[in-house]
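Novice: Sharing a structure with you now.
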Amino acid sequence: MTLENTLTQSIRKVIENLYGQSIDEKLVQLQATRKEFEGDLTLVVFPFLKISKKNPELTAQEIGDALQKEESLVSKFNVIKGFLNLSISKNHWIDTLNVIVADDQYGTVEVTEQSPLYMVEYSSPNTNKPLHLGHIRNNLLGFSLCQILKANGYKVVKTNIVNDRGIHICKSMLAWKLFGNGETPESSGKKGDHLVGDYYVRFDKEYKVQVKELMEKKGLSEEEAKKQAPLLLEAQTMLKKWEDGDPEVVALWEKMNSWVYAGFDQTYKRLGVSFDKIYYESQTYLDGKAKVMEGLEKGAFYRREDGSVWADLTQNGLDEKLLLRTDGTSVYMTQDIGTAQQRFKEYNIDKMIYVVGNEQNYHFQVLSIVLDRLGFSWGKDLVHFSYGMVELPEGKMKSREGTVVDADDLMDEMVSTARETSDELGKLEGCTEEEIANIARICGLGALKYFMLKVDPRKNMMFNPKESIDFNGNTGPFIHYTHARIRSLLRKAAEAGFQLPSSLPVDMEVSEKESNLIQNLANFPSVVRQAGAEYSPALVANYAYELVKEYNQFYHDFSILKEEDEQKKAFRLLLSQSVAKVIKTAMGLLGIEVPERM
RNA sequence: GGUCGGGUAGCUCAGCUGGAUAGAGCAACAGCCUUCUAAGCUGUGGGUCAUGGGUUCGAAUCCCAUCUCGAUCACCA
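To convert a position in the first sequence, counted from 1, into my numbering, add 1.
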């Protein structure tokens, strides 16, 4: 029973006694008291005026009087306009802190056998180029969401669908075959995904030359030239050969994909994300085709004269959607159907969540209907965790214009900036090189992750390289710093031989700042719950920031190790320790590590 | 044009299940280290919450209209 719940019930009781009417729980609006007023929680009394038939001040006064008699949690109160500010008794706060101290898993719910299973798909890269800033947002959101769902007591299967087949990968393959001279990651020292990406760019470059030539020499329109360029035709031939199982093409495909996977693994590992089960489009698209044919027979879809297969979604207020091309090859949707089927065969999934950018909102609207029509009961309840695009100060990222921010480069830059900052401030003197490197890694990546996760996932976000690298203010390192400070305090207390008690006497004195901090800590579980319900890591990030800001003020205003009253000292240390614990858990939900010192 | 999502301080963002004087950070300016980590703390300036109407005791928040930005509506992925 939380403080709010207890109070709500008492307030309902009091109001019924006073005015002879029972009231709905929803009318009891409790909110944290604003800083400028005395009190911990505030009851808004406007909703009760109709029943009390008195003015706001008088009503608040009456409720306050009665509540103070009725509920021992309320130590005193004051009334300002229609707001009843309640002060909660000191021993409630100590009680609360004692509970937090005793709970190692504070804020999280245990996963049990009966927990529902959530499958979360995220990352979903194409195997023709390295990961960039957009993928970073996807990966961080996906991983964090999984952490948050687990903390809410759900079983989670993290999954990835790798788009490993199709014309895009044939383009890289063809360019490598024509211009690569047998270059390998080993021979060039390039990371595999970057190497393959370079050939994808090379294809585009050569292709453009051909298109231009066709337009100039043969007088073709741009549209025609783009269709007829020999390189594109050759890539299409290659795709056909791949589908027919041509050994040479398949061997090249396997070789180049393996390079890419080695590169991706490195990037994922560094980013700190992982998967429980990886699916490959090359292994699911045939199932998708079969499923579409099945739907066609059942009359869920229809075939046009040219042989292509479509879903008519006009009765759902949408358009018609292609599922199989005239030549029988599959499209994006087909593959998603096949993947969905395999997943639901292998796992007992209660909820499927797709972490995919908002540019695909329409796609998932359609997918949901199509799966439903195919008889997948879970189809209509699938969740498209739709996040906004990452924009740069100069506009959208465009790979063709070279404005893409590469994931590996970005991580390098963040870590080296963290390293420089540490060196400048001279805080890590006496640490080994290994320790320094690790702290720089934690801070650099933490800065990047926090920067991307603190904004509402649904919204487009601006990525300004200069700001993202800032380590002051509302940033990951700000939170790191507070954690490191607290750990330092606790180390010093231990070195001095100070024994931390496991709990505190409830009757001790607590200042307003301190009880505010406990109140903040007490809110953590509901923040985790809300973040899970709304699929929003940003709520956790913003909570962590508020908590840390509050703690830094406390740290500044109160002495801790130098406090002479042993009981107060113990209290402040336990309070600090609890703040550190919650910071660590909250950051963990964001996929961010915290340093012991910095 | 249809559908969907945005518009809050110079910039980046909170606040949006209606509640007190709309909050942070950055940037600018002014303070605080012989004292537990100054990657910190304190203060100053900065707002027609896109616009207009409506509902309400009360609207940044809910409803309608308008303006504006973006995404999407491909035999692309």
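The beta-carbon is built from N, C-alpha and C at its ideal position, and this holds for glycine as well.
For residue 84, which three-state DSSP category applies?
Specialist: Position 83 of the first sequence holds residue 84. If DSSP states are grouped into helix, strand and coil, residue 84 belongs with the strands.
Novice: Just to confirm before moving on: does the CB-CB distance between residue 267 and residue 592 stay below 8 Å?
Specialist: Taking the first residue of the first sequence as position 1, residue 267 is located at position 266. Taking the first residue of the first sequence as position 1, residue 592 is located at position 591. No, these two residues do not count as a Cβ contact at 8 Å.
Novice: Below 8 Å on the Cβ atoms is my contact criterion, and I expect residue 274 with residue 140 to pass it. Report the Cβ-Cβ distance as a whole number of Å.
Specialist: Numbered from 1 along the first sequence, position 273 holds the residue referred to as residue 274. Numbered from 1 along the first sequence, position 139 holds the residue referred to as residue 140. Their Cβ separation, rounded to whole angstroms, is 5 Å, which keeps residue 274 and residue 140 in contact under 8 Å.
Novice: To the nearest angstrom, report how far apart residue 102 and residue 585 are at their CA atoms.
Specialist: As a first step, residue 102 is located in the first sequence; it is residue number 101 there, counting from the start. As a first step, residue 585 is located in the first sequence; it is residue number 584 there, counting from the start. Looking at the two C-alpha atoms, the distance is approximately 14 Å.
Novice: Beta-carbon within less than 6 Å of residue 339's beta-carbon, same chain only, minus the 5 sequence neighbours each way: which residues are those?
Specialist: Mapped onto the first sequence, residue 339 falls at position 338. Once the five neighbours on either side are set aside, the close Cβ partners of residue 339 are 285, 286, 288, 289.
Novice: Applying the 10 Å Cβ sphere with the 16-neighbour rule, what's the burial state of residue 484?
Specialist: Counted from its first residue, the first sequence places residue 484 at position 483. That one is buried.
Novice: Could you tell me which of 407, 445, 271 sits nearest to residue 423, measuring between CA atoms?
Specialist: Start at 1 with the first residue of the first sequence, and residue 423 comes out as number 422. For the residues 407, 445, 271, the minimum Cα distance to residue 423 belongs to 445.
Novice: With 16 other CB atoms within 10 Å as the buried threshold, where does residue 448 fall?
Specialist: For the purposes of this step, residue 448 is identified with residue 447 of the first sequence, where counting begins at 1. With 16 or more other Cβ atoms within 10 Å, it is buried.
Novice: Between which two residues does the beta strand (DSSP E) harbouring residue 321 extend?
Specialist: In the first sequence, counting from the first residue as 1, residue 321 sits at position 320. Counting along the chain, the beta strand (DSSP E) containing residue 321 begins and ends at 321 to 325.
Novice: So, does the stretch 539 to 548 touch the stretch 563 to 573, judging by three or more C-beta pairs under 8 Å?
Specialist: Short answer: they don't touch.
Novice: Taking the straight line between their C-alpha atoms, what separation do you get for residue 374 and residue 296?
Specialist: Taking the first residue of the first sequence as position 1, residue 374 is located at position 373. Taking the first residue of the first sequence as position 1, residue 296 is located at position 295. Straight-line Cα distance between these residues: approximately 8 Å.
Novice: Going by DSSP, which residues form a beta bridge with residue 56?
Specialist: On the first sequence, position 55 is the one that residue 56 refers to. Looking at the DSSP assignment, residue 56 forms no beta bridge with any residue, so it has no partner.
Novice: Short check: CB of residue 11 to CB of residue 17, under 8 Å?
Specialist: For the purposes of this step, residue 11 is taken as the residue at position 10 of the first sequence. For the purposes of this step, residue 17 is taken as the residue at position 16 of the first sequence. Judged by beta-carbon spacing, residue 17 lies beyond the 8 Å limit of residue 11, meaning their Cβ atoms are not closer than that value.
Novice: If you follow the alpha helix (DSSP H) that residue 524 is in, where does it begin and where does it stop?
Specialist: Position 523 of the first sequence, counting from 1, holds the residue named residue 524. Residue 524 -> alpha helix (DSSP H) spans 513 to 535.
Novice: Taking the alpha helix (DSSP H) that residue 453 belongs to, which residues open and close that run?
Specialist: Numbered from 1 along the first sequence, position 452 holds the residue referred to as residue 453. Its alpha helix (DSSP H) spans residues 434 to 454.
Novice: State buried or exposed for residue 441, treating a residue as buried only when at least 16 other CB atoms are found within 10 Å of its CB.
Specialist: Position 440 of the first sequence, counting from 1, holds the residue named residue 441. Buried, by the Cβ-count rule.
Novice: Can you tell me which of the three DSSP states residue 42 falls into?
Specialist: In the first sequence, the residue the question calls residue 42 occupies position 41. Strand, per DSSP.
Novice: Report the rounded CA-to-CA distance for residue 291 versus residue 160, giving the unit in angstroms.
Specialist: Here residue 291 refers to the residue found at position 290 of the first sequence. Here residue 160 refers to the residue found at position 159 of the first sequence. So the two alpha carbons sit approximately 23 Å from each other.
Novice: If distances are taken between C-alpha atoms only, which option among 83, 226, 272, 597 comes closest to residue 410?
Specialist: In the first sequence, the residue the question calls residue 410 occupies position 409. Ranking the options by Cα distance to residue 410, first place goes to 272.
Novice: What are the complete beta strand (DSSP E) segments, minimum 3 residues, inside the stretch 330 to 413?
Specialist: 352 to 358, 384 to 388, 391 to 393
Novice: Counting pairs of beta carbons, one from the stretch 96 to 113 and one from the stretch 225 to 239, are three or more of them closer than 8 Å?
Specialist: no
Novice: Buried or exposed, going by whether 16 or more other CB atoms sit within 10 Å of the CB of residue 327?
Specialist: One-based indexing of the first sequence puts residue 327 at position 326. It counts as exposed.
Novice: What three-state label does DSSP hand residue 269 in the structure shown?
Specialist: The residue labelled residue 269 in the question sits at position 268 within the first sequence. Looking at residue 269 - three-state DSSP - the assignment turns out to be helix.
Novice: Are the beta-carbon atoms of residue 459 and residue 355 separated by less than 8 Å?
Specialist: Taking the first sequence and counting its residues from 1, the one referred to as residue 459 is at position 458. Taking the first sequence and counting its residues from 1, the one referred to as residue 355 is at position 354. Not closer than 8 Å, so no.
Novice: Comparing C-alpha positions only, which one of 386, 318, 280 sits nearest to residue 336?
Specialist: Residue 336 sits at position 335 when you count from the first residue of the first sequence. Among 386, 318, 280, the Cα nearest to that of residue 336 belongs to 280.
Novice: With a threshold of 6 Å on Cβ separation, who are the neighbours of residue 89 within its own chain once the five nearest residues in sequence on each side are excluded?
Specialist: Position 88 of the first sequence, counted from the first residue, corresponds to residue 89. Closer than 6 Å at Cβ, skipping near neighbours: 41, 74.
Novice: Could you check the C-alpha separation between residue 171 and residue 177 for me, to the nearest Å?
Specialist: Here the question's residue 171 lines up with position 170 in the first sequence. Here the question's residue 177 lines up with position 176 in the first sequence. So the alpha carbons of these two residues sit roughly 10 Å apart.
Novice: Below 8 Å between beta carbons: does that hold for residue 573 and residue 391?
Specialist: Taking the first residue of the first sequence as 1, we reach residue 573 at position 572. Taking the first residue of the first sequence as 1, we reach residue 391 at position 390. Residue 573 is not a Cβ neighbour of residue 391, given a cutoff of 8 Å.
Novice: Cα separation between residue 433 and residue 439?
Specialist: Sequence index remark: in the first sequence, residue 433 carries index 432 (1-based). Sequence index remark: in the first sequence, residue 439 carries index 438 (1-based). Approximately 10 Å, taken between the alpha carbons.
Novice: Quick one: grab the DSSP three-state call for residue 312.
Specialist: Taking the first sequence and counting its residues from 1, one reaches residue 312 at position 311. In this structure, residue 312 counts as strand in the three-state DSSP scheme.
Novice: Who are the Cβ neighbours of residue 578 in its own chain at under 8 Å, not counting the five residues just before and after it?
Specialist: The residue you call residue 578 lines up with position 577 of the first sequence. Cβ neighbours of residue 578 beyond the five flanking positions: 102, 487, 491, 501.
Novice: May I ask you to report which of helix, strand or coil DSSP gives residue 304?
Specialist: Residue mapping note: residue 304 aligns to position 303 of the first sequence, counting from 1. Strand.
Novice: Can you name the start and end residues of the alpha helix (DSSP H) that residue 232 belongs to?
Specialist: Counting from 1 along the first sequence, the entry for residue 232 is found at position 231. It spans 231 to 244 - the alpha helix (DSSP H) in which residue 232 sits, taken as one unbroken run.
Novice: For residue 470, does the three-state DSSP call read helix, strand or coil?
Specialist: Here residue 470 corresponds to residue number 469 of the first sequence, with the count starting at 1. It is coil, neither helix nor strand.
Novice: Taking residue 156 and residue 117 to be in contact with their CB atoms under 8 Å, please state how far apart those CB atoms are, rounded to whole angstroms.
Specialist: Against the first sequence, residue 156 aligns to sequence position 155. Against the first sequence, residue 117 aligns to sequence position 116. 7 Å between Cβ atoms; contact.
Novice: Throw me the rounded Cβ distance for the residue 146 and residue 556 pair, which I believe falls under 8 Å.
Specialist: Counting from 1 along the first sequence, the entry for residue 146 is found at position 145. Counting from 1 along the first sequence, the entry for residue 556 is found at position 555. A Cβ-Cβ separation of about 32 Å leaves residue 146 out of contact with residue 556 under the 8 Å criterion.
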